[in-house]
Amino acid sequence: MTLRRSPLALAILGLLENGPLHPYGMQRLIKQWGKDQVVNVGQRTSLYRMIDRLEDGGLIAIGSTERDERYPERTTYHLTEEGRTVCRQWLTEMLTTPRNEFPEFPAALSFVMLLMPETAGELLADRRDRLTQRIADFDAELTGDHDIPRWALLETEYLRAITEAEVRWIDTIVDELRSGSLTWKPGPV
Numbered sequence: 001m002t003l004r005r006s007p008l009a010l011a012i013l014g015l016l017e018n019g020p021l022h023p024y025g026m027q028r029l030i031k032q033w034g035k036d037q038v039v040n041v042g043q044r045t046s047l048y049r050m051i052d053r054l055e056d057g058g059l060i061a062i063g064s065t066e067r068d069e070r071y072p073e074r075t076t077y078h079l080t081e082e083g084r085t086v087c088r089q090w091l092t093e094m095l096t097t098p099r100n101e102f103p104e105f106p107a108a109l110s111f112v113m114l115l116m117p118e119t120a121g122e123l124l125a126d127r128r129d130r131l132t133q134r135i136a137d138f139d140a141e142l143t144g145d146h147d148i149p150r151w152a153l154l155e156t157e158y159l160r161a162i163t164e165a166e167v168r169w170i171d172t173i174v175d176e177l178r179s180g181s182l183t184w185k186p187g188p189v
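Per the UniProt record's numbering, residue 1 is the first one in the sequence shown, and the count goes up by one each step.
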């Protein structure tokens, strides 16, 4: 079975590199380590489905089932040798090969001509304000009083840099919309 790589699949394999875990423990660590900025674990069902796929693909295996009166039964998973190999392969591919990820913002920009230019400018200015807050949150995480090594925060540094670049781009577009050097007649093309 060929399994498509994904951020969630990589996160599960990467966490299991450190030792066996049960799904709740995986989700907790992803959130605790701030990896939920780059891996969607909002829905526990997605995590369980991915675990099933990784197990079906032979990349992880069931280790044991723990029973505790206070908690539901917990199945622990561990990484297989094939899973370790695939984890390294996916990591290499994800680090070296740019891929179209189809985010929402560029999709919305491709239809911005349906709005009045003034409205588009207001919406982009609102987005800019939200992104500026996100940059402040990243800065707090990066400079906070903690003993987290820099390598553990590289994705936060990256997200901050990308967000800062987006703010600069939005500033340019909003300025052009306000000056009238960028305009259009709203409606279908």
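Even glycine gets a Cβ: it sits at the ideal position worked out from N, Cα and C.
Close beta carbons around residue i, own chain, < 7 Å, minus the five adjacent residues each side
i, result
"M116", "P186"
"L29", "L15"
"G144", "none"
"L131", "T163, E166, V167"
"M113", "W184, P186, V189"
"R178", "G121"
Inter-residue spacing [alpha-carbon to alpha-carbon] between residue i and residue j
i, j, result
"Q32", "W184", "46 Å"
"I173", "I60", "47 Å"
"R134", "R168", "14 Å"
"R84", "G42", "25 Å"
"P188", "P106", "18 Å"
"P7", "I148", "22 Å"
"E82", "A152", "25 Å"
"G86", "E176", "The sequence as given places Val at residue 86; Gly does not occur at that position. The straight-line gap from Cα to Cα measures roughly 47 Å."
"I170", "F102", "19 Å"
"L109", "G121", "12 Å"
"S46", "G34", "18 Å"
"E17", "E104", "32 Å"
Residues bridged to residue i (per DSSP)
i, result
"E66", "R74"
"I60", "L79"
"L15", "In DSSP, L15 forms no bridge with anything."
"L21", "Y77"
Nearest-angstrom Cβ-Cβ length linking residue i and residue j, presumed shorter than 8 Å
i, j, result
"I51", "Y77", "6 Å"
"T75", "T65", "5 Å"
"E141", "T156", "5 Å"
"R53", "L3", "6 Å"
"I62", "E55", "7 Å"
"R44", "Q27", "6 Å"
Closer than 7 Å: residue i CB and nearest the ligand SAM heavy atom
i, result
"M26", "In terms of ligand content, the structure shown is empty, and the ligand SAM therefore cannot be addressed."
Sequence-distant residues of its chain with Cβ nearer than 8 Å to residue i (five each side left out)
i, result
"R160", "I135, F138, D139, L142"
"H22", "E66, R74, T75, T76, Y77"
"Y48", "P23"
Sequence-distant residues of the same chain with beta carbon closer than 6 Å to residue i, five excluded per side
i, result
"V39", "P7, L8, A11, I30"
"D36", "I30"
Neighbour flag for residue i against chain B, beta carbons, 8 Å
i, result
"L16", "Looking at the structure shown, chain B is missing, and only one protein chain is on hand."
Exercise. Any contact of the stretch 121-131 with the stretch 90-99, i.e. 3+ C-beta pairs under 8 Å?
Worked result: No contact exists between the stretch 121-131 and the stretch 90-99.
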